[in-house]
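Colleague:
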Amino acid sequence: MAFNQDWEHVAVVGKGGSSTVYKALIKSTGGFVAVKQIEIDGLSKDQISGIKGEIETMKDLSHPNILRYLGTQQSPNRVFIFLEYADRGSLRHFYSNRGPLSESQITFCLQGIVAGLNYLHENGIAHRDIKCANCLLGSEGVVKLADFGASKRFESDSIVSGLKGTPHWMAPEVIKGTQMTTGWMKADVWSLGCTVVEMFTAKVPYAEYENPMTAMYKIASGEVPSFKPSTLQPNMPSEDLVSFIHTCCAVEPATRPGADQLLKHALLVRAIDTVGDLFVDTSLAVGTEPVELPIETDVPQAQSPTMLTQQEKENNKLAAARRSLE
1 MAFNQDWEHV AVVGKGGSST VYKALIKSTG GFVAVKQIEI DGLSKDQISG IKGEIETMKD
61 LSHPNILRYL GTQQSPNRVF IFLEYADRGS LRHFYSNRGP LSESQITFCL QGIVAGLNYL
121 HENGIAHRDI KCANCLLGSE GVVKLADFGA SKRFESDSIV SGLKGTPHWM APEVIKGTQM
181 TTGWMKADVW SLGCTVVEMF TAKVPYAEYE NPMTAMYKIA SGEVPSFKPS TLQPNMPSED
241 LVSFIHTCCA VEPATRPGAD QLLKHALLVR AIDTVGDLFV DTSLAVGTEP VELPIETDVP
301 QAQSPTMLTQ QEKENNKLAA ARRSLE
């Protein structure tokens, strides 16, 4: 769809390769959007095809935990992709400024990330570049998956090869070279596990290997990312958090759960019980409008006072986690 609003640059919020992302003002409304400006001079046919594929993928997506596509404009030398503006920036920006996320913050964010990832997978799309830099925080504290430049829609099972993603987050089977199309979904799950390590440590996964080639060799050899306590992160992870990371980072893709199964993991279920279905509604079909989900639900009357007290504690913990992300 064409984007017909008059707009102007406000600030640069990110750069990479041939593109620059701006915060932009819509003159007619006074509202803000994100604009991904891509310089197309000198790009190959494959690169231009990739841009078109990114746009086509985003056009069909509609979910609270996916950054919303608004439209495009094109000039002879540039393509402008207009997106919802997430005013709190990425999770990488968050931990770079505030240090490691607490476990409550991680759990809170994971509800949105896993829900968004499950929505993509249910619609046959692999993201192929899950990491904190591509997880954005909106004004309501809602986490949204962004940057679909590496994503791909798969129609049927076939062998797909080629390196996609960012080295320190790549799954072993991606580095080794081939996997079934459904394997790209499992590769997303591996990257998700690495992203949890990133949130917990405030470092890239495999940070001890600065050379990307060394990191890729270690990953392909079956080494899982380390998340031991450090000076930066002195806290011990809970058993549920350790289990979640180990589950995502199982070396064999066949033993990794899908995103739909991760929604049922104890780490997320513990939180879901206290905040209703926030960030875990996967019922939205492609093309529908996003809905506003409830922050919490009433506790059933049949539950015991002891359970109610525990739920209130968990709810307060997650509410504090949301406020701490502001």
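Numbering-wise, UniProt numbering puts 249 at position 249 of the sequence shown, and it's gapless, one number per residue.
Backbone N, C-alpha and C define an ideal beta-carbon position, used for all residues, glycine too.
1) Rounded to the nearest angstrom, how far is the Cβ of Phe200 from that of Pro100, given a contact under 8 Å?
2) Taking DSSP's pairing of strands, which residues face Cys135 in a bridge?
3) For Ala34, which beta-bridge partners are listed by DSSP?
4) Compare the beta carbon distance of Asp60 and Ala126 with 7 Å and say whether it is the shorter of the two.
5) Pull up the distance between the alpha-carbon of Gln111 and that of Arg92, whole angstroms please.
6) Check Leu70 in the structure and name its three-state DSSP category.
7) Closest to Val196 by CA distance: which of Ile175, Ser221, Gly165 and Leu241 is it?
8) By alpha-carbon positions, which one of Ile55, Pro172 and Gly89 ends up nearest to Ala250?
9) What ranges does the beta strand (DSSP E) occupy inside the region 219 to 273, keeping only unbroken runs of at least 3 residues that lie completely in it?
10) For Leu262 and Ile26, I'd like the C-alpha separation in whole angstroms.
11) Kindly indicate the opening and closing residues of the alpha helix (DSSP H) around Val174.
12) Can at least three beta-carbon pairs, one atom from the region 79 to 88 and one from the region 201 to 218, be found at a separation below 8 Å?
13) So for Ser90, helix, strand or coil by DSSP?
14) Output the distance between the C-alpha atoms of Ala24 and Ile55, rounded to the nearest integer angstrom.
15) As a quick exercise: from Gly141, Gln233, Glu239 and Ile130, pick the residue whose alpha carbon is nearest that of Arg98.
16) Give the straight-line distance between the Cα atoms of Ala150 and Gly89, rounded to the nearest whole angstrom.
17) Classify Pro229 as buried or exposed, calling it buried when 16 or more other Cβ atoms lie within 10 Å of its own Cβ.
18) Since Glu8 is in the beta strand (DSSP E), which residue starts that stretch and which ends it?
19) Within a Cβ cutoff of 6 Å, which residues of the same chain sit near Ala266, ignoring the five residues on either side of it in sequence?
20) To the nearest angstrom, how far is the alpha carbon of Ala34 from that of Lys152?
Modeller: Concretely, from the data shown:
1) 6 Å
2) Leu145
3) Lys23 and Leu83
4) At the C-beta level, Asp60 and Ala126 stay beyond 7 Å of one another.
5) 17 Å
6) strand
7) Per the Cα distances, Leu241.
8) Pro172
9) none
10) 39 Å
11) Pro172 to Lys176
12) no
13) strand
14) 19 Å
15) Gln233
16) 20 Å
17) By the neighbour-count criterion, in which a residue is buried when 16 or more other Cβ atoms sit within 10 angstroms of its Cβ, Pro229 is exposed.
18) Trp7 to Gly16
19) Asp240
20) 22 Å
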